[in-house]
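Note sheet for the following structure.
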């Protein structure tokens, strides 16, 4: 059976039925997504490759756990990859919520899609400024406020933040409003 032309959803279905070619094709198709998500995080004491490996595990579990209906495979797989990487970052910190103060998205969502015309030195300065900013605000926000603020800066919607944290949208909105008030005073 020719699997290259099949949709991701159909490939996931075939993979769940034991088709190893379908599984391999999905892993190939989503490798760049895993790399993109992994590059956005910093793992204290680790390397990006460790996060890529965790992301691939998240992709593999997405292939096995996908069921048609609520969302497309792409959205589901991306969420599983991101959640697995976030879990890995949290696990390295030891304390339940302190990982939120240690992980930092390194690049903005979509930044790698539109290469900057700045020189590498300017890019490095920009990233360092972002890292310093996030470290500064993490000291003034609760761990939940910091988490939703970073997600907001990464371009996630309220629904995506709610899904990722397991909290109601109203709680997400309240945390963002508190964070904005605190940051206005800070800045």
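Residue numbers (my numbering): 85 to 271. Glycine included, every Cβ here is placed at the ideal spot set by N, Cα and C.
Worksheet item: Near residue 160, which residues of its chain fall below 7 Å by C-beta distance, leaving aside the five closest residues on each side in sequence?
Response: Answer for residue 160: 146 and 150, listed in chain order.
Worksheet item: Roughly how many angstroms separate the alpha carbons of residue 153 and residue 255, rounded to a whole number?
Response: Straight across, the Cα-Cα distance linking residue 153 with residue 255 is about 27 Å.
Worksheet item: Would the beta-carbon of residue 217 fall within 8 Å of that of residue 173?
Response: No. Outside cutoff.
Fill in: Segment contact flag, the segment 225 to 233 with the segment 260 to 271, C-beta cutoff 8 Å, min 3 pairs
The segment 225 to 233 is in contact with the segment 260 to 271.
Worksheet entry | Range of the contiguous alpha helix (DSSP H) that encloses residue 233 | 227 to 237 is the extent of the alpha helix (DSSP H) around residue 233.
Worksheet item: Does the beta-carbon distance from residue 167 to residue 142 come in below 8 Å?
Response: Closer than 8 Å, so yes.
Worksheet item: Between residue 31 and residue 117, is the Cβ-Cβ spacing less than 8 Å?
Response: Absent from the structure is residue 31, since the part of the chain shown begins at 85 and ends at 271.
Practice prompt. Tell me whether residue 243 is buried or exposed, calling it buried when 16 or more other Cβ atoms sit within 10 Å of its Cβ.
Written response: Counting every other CB atom within 10 Å of its CB across the protein chains shown gives residue 243 a total below 16, marking it as exposed.
Practice prompt. Go through its chain and collect everything with a Cβ distance to residue 267's Cβ below 7 Å, but skip five positions before and after it.
Written response: Answer for residue 267: 221, listed in chain order.
Fill in: Unbroken alpha helix (DSSP H) run spanning residue 264, endpoints
Residue 264: member of the alpha helix (DSSP H) spanning 253 to 270, first to last residue.
Item to complete: Quick one: using the 10 Å Cβ neighbour count with 16 as the cut-off for buried, is residue 162 buried or exposed?
Response: Flag for residue 162 reads buried.
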